[in-house]
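Participant: Just so we're aligned, residue 1 is where the sequence shown starts under this note's numbering, counting upward by one.
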Amino acid sequence: MTTLDDLASGPPLDAVIVGGGINGAAITAETSRRGLRVALFEADDYGFGTTWRSTKLIHGGLRYLEHGDVRLVFESLRERAWLLRAKPHLVRPRRFILPLVPWTRRPAWQLRAGLAMYDTLAFRGSLPAHRRLSANDVRNLAPYVGETEGGGFSFYDARALSPERLTLELVLLAERRGAFIANHTPVTRIITSAGEVAAVEVDDGRRRVIVPTSTVINAAGPWVDAVNEVSDQPPTKFLGATRGTHIALELETALPKEAIFSTAREDGRVLFAVPQEGLLLFGTTDVRFDLEPGEVRPTPEDIDYLVTEARLLLPGLGIDHRSIRYSYAGLRPLQRATGRSEAEISRRHSLIDHGATGGARGVYSVIGGKLSTFRPLAREVADEVEASLPEIEGDLPEVERPLASRAAGEWQDALNTSGLELHTRARLAVYGPALPAILASGKAALCDSCGTLEGEVQNAIDNEHAVTIGDVILRRTGAGWRKDRGLCCHERIGVAMARALGWSQVQLRAQVEAFRAEVDYHLPAPGAE
């Protein structure tokens with residue numbers, strides 16, 4: 001197995017990718033597929049930033065049509081179709097109801113035209129077309145929605161059940177292809193020489209190591225500017241981030257089966273209400289954010305805004321502040337723009353070549369992007385890296401060309417013959433190709449509440465680079481999205497990890513406290529400081 005010392009003493013890598021969100025993971029998978037020697041360094045955990053704290057939608061983006069970005073919508077819908085085929089355990093179709101509430105800012109005919117264009121741009125047959133709904137249809141499908149003016153529409157999009165695991169699958173694919181990957185290993189310096197990149201310095205928690213490289217791809221999402229600040233080149237500000245906040249609601253009524261797409265009465269912002277893990281996820285805000293990325297949290301103003309809009313849109317659910325089980329906020333790493341509203345800033349990604357703008361040659365920054373468009377972004381970056389490297393005699397050896405999962409039948413058979421209860425099998429399906437290893441590692445439940453299995457924890461440690469309780473609960477098993485935020489099982493999972501990783505009692509206590517602090521900060525419950 002390659003070590004940091006091997007990288008430090010070896011020839012320069014073709015590329016170092018900074019940031020292990022969905023984009024950094026995809027770039028690492030694509031460049032390694034092309035036979036390039038690459039390494040991925042993530043300061044926290046894979047998918048920790050924007051990827052983990054999104055609405056989890058794999059969608060074209062209806063409102064992008066309103067802003068005329070047809071190319072982005074087409075690209076997103078093409079990728080949606082691919083993900084539904086290639087990652088069926090992670091990406092599922094989701095029907096949305098679009099009610100014509102009194103404050104809807106577009107007439108029905110315009111919405112119908114937009115939905116028809118959405119259907120046209122989508123790959124034929126990938127999902128059902130939109131439907132016009134009468135007022136009775138809306139009442140029957142979503143009786144908790146307030147009075148509508150002329151009914152509404154239904155349309156299909158898709159949603160990632162676990163963007164964190166989608167990211168992780170790409171990371172592990174890159175590792176199988178020969179990439180060096182490391183989480184909890186921040187890049188502390190980008191070193192240049194004679195106007196071009198020479199190396200990066202990384203901190204693995206014990207020491208700092210200098211790794212030579214020909215190229216640096218800064219895919220750190222909201223931390224792009226912060227990473228650029230540790231380079232030897234002049235500081236640059238590329239980002240104009242916006243904060244998106246969600247609230248997770250526990251209802252006194254039955255959980256709705258339908259997801260709702262609408263707009264806010266106050267400002268016309270697009271809103272989603274989506275059932276998730278026994279709760280109703282409602283969001284999101286779009287507020288400019290100029291503080292340090294690590295400081296992002298839901299604000300009282302965000303919470304009040306969302307509760308007010310949820311009560312207006314869904315009066316039949318009895319929502320108020322007491323319904324909130326937790327909230328979370330993430331940052332959209334958008335390109336800096338002046339004189340435009342948050343909604344008008346493009347979600348299209350851009351690749352900045354620092355060498356072409358007076359900075360160091362071989363350094364690139366990735367700005368923006370959507371959860372659904374990581375593949376075309378990765379191909380664009382890989383093309384740029386290949387073009388920047390010295391010409392190599394012959395073709396590079398491409399590895400495992402498809403970026404697709406193992407055939408579903410292989411792991412589905414293992415799940416169906418596992419002897420586990422139906423609801424447990426349904427929950428575990430999200431693991432896809434990791435299921436055989438999980439089932440072989442232990443089927444006993446560590447927790448009666450969330451049902452986390454011993455094998456899930458052991459697999460996360462053995463095969464998925466999990467080294468903290470938060471890594472396991474929040475970004476491997478998904479238990480953190482339940483109403484108790486994983487606090488039902490964190491101590492028992494900590495004990496299992498201590499046994500596997502050799503933690504002392506002092507280390508175990510520190511890990512338990514660190515998890516509680518992480519949850520209270522990033523998934524605050526009402527009253528949490």
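Quick reminder that beta carbons are idealized off the backbone N, C-alpha and C, glycines included.
Report yes if the C-beta distance between ALA310 and ALA174 is below 8 Å; otherwise report no.
Facilitator: Here the question's residue 310 lines up with position 310 in the sequence shown. Here the question's residue 174 lines up with position 174 in the sequence shown. No, they are not a contact pair.
Participant: Thinking C-alpha only, which one of ARG63, ARG176, VAL101 is nearest VAL32?
Facilitator: Taking the sequence shown and counting its residues from 1, one reaches residue 32 at position 32. First, the amino acid is wrong: residue 32 is Ser here, not Val. In this structure, ARG176 is the residue among ARG63, ARG176, VAL101 with its C-alpha nearest to the C-alpha of SER32.
Participant: To which residues does DSSP link ILE181 through a beta bridge?
Facilitator: The residue you call residue 181 lines up with position 181 of the sequence shown. According to DSSP, ILE181 bridges with LEU40.
Participant: Taking the alpha-carbon positions, what's the ARG265 to LEU115 distance?
Facilitator: Mapped onto the sequence shown, residue 265 falls at position 265. Mapped onto the sequence shown, residue 115 falls at position 115. Looking at the backbone, the Cα of ARG265 and that of LEU115 are separated by about 21 Å.
Participant: Look at the alpha carbon of ARG106 and the alpha carbon of ALA429, and state the distance between them as a whole number of angstroms.
Facilitator: Counting from 1 along the sequence shown, the entry for residue 106 is found at position 106. Counting from 1 along the sequence shown, the entry for residue 429 is found at position 429. So the two alpha carbons sit approximately 40 Å from each other.
Participant: State yes or no: is the C-beta of THR167 within less than 8 Å of the C-beta of THR51?
Facilitator: By 1-based counting over the sequence shown, the position of residue 167 is 167. By 1-based counting over the sequence shown, the position of residue 51 is 51. Yes, these two residues count as a Cβ contact at 8 Å.
Participant: Per DSSP, what kind of secondary structure is ASN327 in: helix, strand or coil?
Facilitator: Against the sequence shown, residue 327 aligns to sequence position 327. Looking at the sequence provided, one finds Ser at residue 327 rather than Asn. SER327 falls in the strand class under three-state DSSP.
Participant: If you drop the 5 nearest sequence neighbours on each side, which residues of the same chain put their C-beta closer than 6 Å to that of VAL274?
Facilitator: Looking up residue 274 in the sequence shown gives position 274. The residues are ALA259, LEU281.
Participant: Residues in the same chain with beta-carbon distance under 8 Å from GLU169, minus the five sequence neighbours each way, listed in chain order, please.
Facilitator: If you number the sequence shown from 1, residue 169 lands on position 169. Cβ contact annotation for GLU169 (same chain, cutoff 8 Å, sequence separation greater than five): LYS87, LEU90, SER405, GLY432, PRO433, in chain order.
Participant: Mind checking which residues open and close the beta strand (DSSP E) that includes ILE190?
Facilitator: Here the question's residue 190 lines up with position 190 in the sequence shown. Residues 187-193.
Participant: DSSP on GLY432, reduced to helix/strand/coil?
Facilitator: Stepping through the sequence shown from its first residue, residue 432 is reached at position 432. Three-state DSSP puts GLY432 in a helix.
Participant: Which value, in whole angstroms, describes the spacing of the CA atoms of ARG485 and GLU250?
Facilitator: For this step, residue 485 is matched to residue 485 along the sequence shown. For this step, residue 250 is matched to residue 250 along the sequence shown. About 13 Å.
Participant: Starting from ILE210, follow the alpha helix (DSSP H) in both directions and report where the run begins and ends.
Facilitator: Translated into the one-based positions of the sequence shown, residue 210 becomes position 210. No alpha helix (DSSP H) contains ILE210, which is instead part of the beta strand (DSSP E) from 208-212.
Participant: Across which residues does DSSP place GLU196 in a beta bridge pair?
Facilitator: As a first step, residue 196 is located in the sequence shown; it is residue number 196 there, counting from the start. Paired residues: SER193, ARG361.
Participant: Could you say if the region 203-219 and the region 6-24 meet the contact criterion of at least three C-beta pairs nearer than 8 Å?
Facilitator: yes
Participant: Have a look at GLY394 and ARG37 and give me their C-alpha separation to the nearest angstrom.
Facilitator: Looking up residue 394 in the sequence shown gives position 394. Looking up residue 37 in the sequence shown gives position 37. Unreliable positioning characterises GLY394 in this predicted model, as indicated by a pLDDT of 49, which lies under 50. The coordinate reading is nonetheless provided below. Going from the Cα of GLY394 to the Cα of ARG37 covers about 16 Å.
Participant: What residue range does the alpha helix (DSSP H) around GLN276 cover?
Facilitator: Walking along the sequence shown from the start, residue 276 turns up at place 276. Where GLN276 is concerned, there is no enclosing alpha helix (DSSP H), although the beta strand (DSSP E) it sits in stretches over 270-276.
Participant: For the region 460-528, which segments carrying the beta strand (DSSP E) assignment without a break, of at least 3 residues, lie completely within its bounds, in sequence order?
Facilitator: none
Participant: Give me, in chain order, the residues of the same chain whose beta-carbon lies closer than 7 Å to that of PHE289; leave out the 5 immediate sequence neighbours on both sides.
Facilitator: Sequence index remark: in the sequence shown, residue 289 carries index 289 (1-based). Excluding residues within five positions, the ones whose Cβ falls inside 7 Å are ALA241, THR242, ARG243, VAL296, LEU331.
Participant: Please list the terminal residues of the continuous beta strand (DSSP E) segment that includes VAL385.
Facilitator: Reading the sequence shown from its first residue, position 385 is the one you call residue 385. Premise fails: VAL385 lies in the alpha helix (DSSP H), 374-388, not in any beta strand (DSSP E).
Participant: Looking at PHE238 and ILE319, is the spacing between their C-beta atoms short of 8 Å?
Facilitator: To locate residue 319, count along the sequence shown from 1; it is residue 319. To locate residue 238, count along the sequence shown from 1; it is residue 238. No, they are not a contact pair.
Participant: The alpha helix (DSSP H) with ARG297 in it runs from where to where?
Facilitator: Locating residue 297 in the sequence shown gives position 297, counting from the first residue. From DSSP, ARG297 is part of no alpha helix (DSSP H); its letter is neither H nor E.
Participant: By the three-class DSSP mapping on this structure, what secondary structure does VAL230 have?
Facilitator: For the purposes of this step, residue 230 is taken as the residue at position 230 of the sequence shown. Of the three classes helix, strand and coil, the one that applies to VAL230 here is coil, per DSSP.
Participant: Please say whether LEU523 and GLY494 have beta carbons closer to each other than 8 Å?
Facilitator: For the purposes of this step, residue 494 is taken as residue 494 along the sequence shown, with counting starting at 1. For the purposes of this step, residue 523 is taken as residue 523 along the sequence shown, with counting starting at 1. In this structure, LEU523 does not lie closer than 8 Å to GLY494 by Cβ.
Participant: Find the nearest neighbour of LEU539 within the set ASP157, TYR144, ASN140, judged by alpha-carbon distance.
Facilitator: Only positions 1 to 529 of the chain appear in the structure, and residue 539 is not among them; the question remains open.
Participant: What did DSSP end up calling ASP5 once you bin it into helix, strand or coil?
Facilitator: As a working mapping, residue 5 is identified with position 5 in the sequence shown. Three-state DSSP puts ASP5 in a helix.
Participant: Taking all protein chains shown into account, decide if LYS370 is buried (16 or more other Cβ within 10 angstroms of its Cβ) or exposed.
Facilitator: Here residue 370 refers to the residue found at position 370 when the sequence shown is read from its first residue. LYS370 should be labelled buried.
Participant: Counting C-beta neighbours from all protein chains within 10 Å, is the total for LYS56 16 or more, i.e. buried, or is it exposed?
Facilitator: Position 56 of the sequence shown, counted from the start, is the residue given in the question as residue 56. LYS56 comes out buried.
Participant: What does a CB cutoff of less than 6 Å around LEU474 pick up in its chain, not counting 5 residues either side in sequence?
Facilitator: For the purposes of this step, residue 474 is taken as the residue at position 474 of the sequence shown. Cβ neighbours of LEU474 beyond the five flanking positions: GLY480.
Participant: With a threshold of 7 Å on Cβ separation, who are the neighbours of CYS447 within its own chain once the five nearest residues in sequence on each side are excluded?
Facilitator: Residue numbering aside, residue 447 sits at position 447 when the sequence shown is read from its first letter. Cβ neighbours of CYS447 beyond the five flanking positions: CYS488, CYS489, ARG492.
Participant: Indicate whether the contact test is met: 3 or more Cβ pairs, each with one atom in the region 226-235 and one in the region 180-195, closer than 8 Å.
Facilitator: yes
Participant: If you reduce the DSSP assignment to three classes, tell me which class GLU201 lands in.
Facilitator: Numbered from 1 along the sequence shown, position 201 holds the residue referred to as residue 201. In this structure, GLU201 counts as strand in the three-state DSSP scheme.
Participant: Please classify TRP411 as buried or exposed, where buried requires at least 16 neighbouring CB atoms within 10 angstroms.
Facilitator: Along the sequence shown, one-based indexing puts residue 411 at 411. The residue in question, TRP411, is buried, as its Cβ has 16 or more Cβ neighbours within 10 Å.
Participant: If you measure between the beta carbons of VAL362 and THR215, is that distance less than 8 Å?
Facilitator: The count along the sequence shown starts at 1 and reaches residue 362 at position 362. The count along the sequence shown starts at 1 and reaches residue 215 at position 215. Correcting the residue identity first, residue 362 is Gly in this sequence and not Val. Yes, the pair counts as a contact, with Cβ atoms nearer than the cut-off.
Participant: Taking PRO99 as part of the beta strand (DSSP E), name the residues at either end of that continuous run.
Facilitator: To locate residue 99, count along the sequence shown from 1; it is residue 99. Taken as a continuous stretch (DSSP letters only), the beta strand (DSSP E) holding PRO99 covers 91-99.
Participant: Counting only C-beta atoms, is LEU83 closer than 8 Å to chain D at any point?
Facilitator: Of the protein chains in the structure, only one exists, and it is not chain D.
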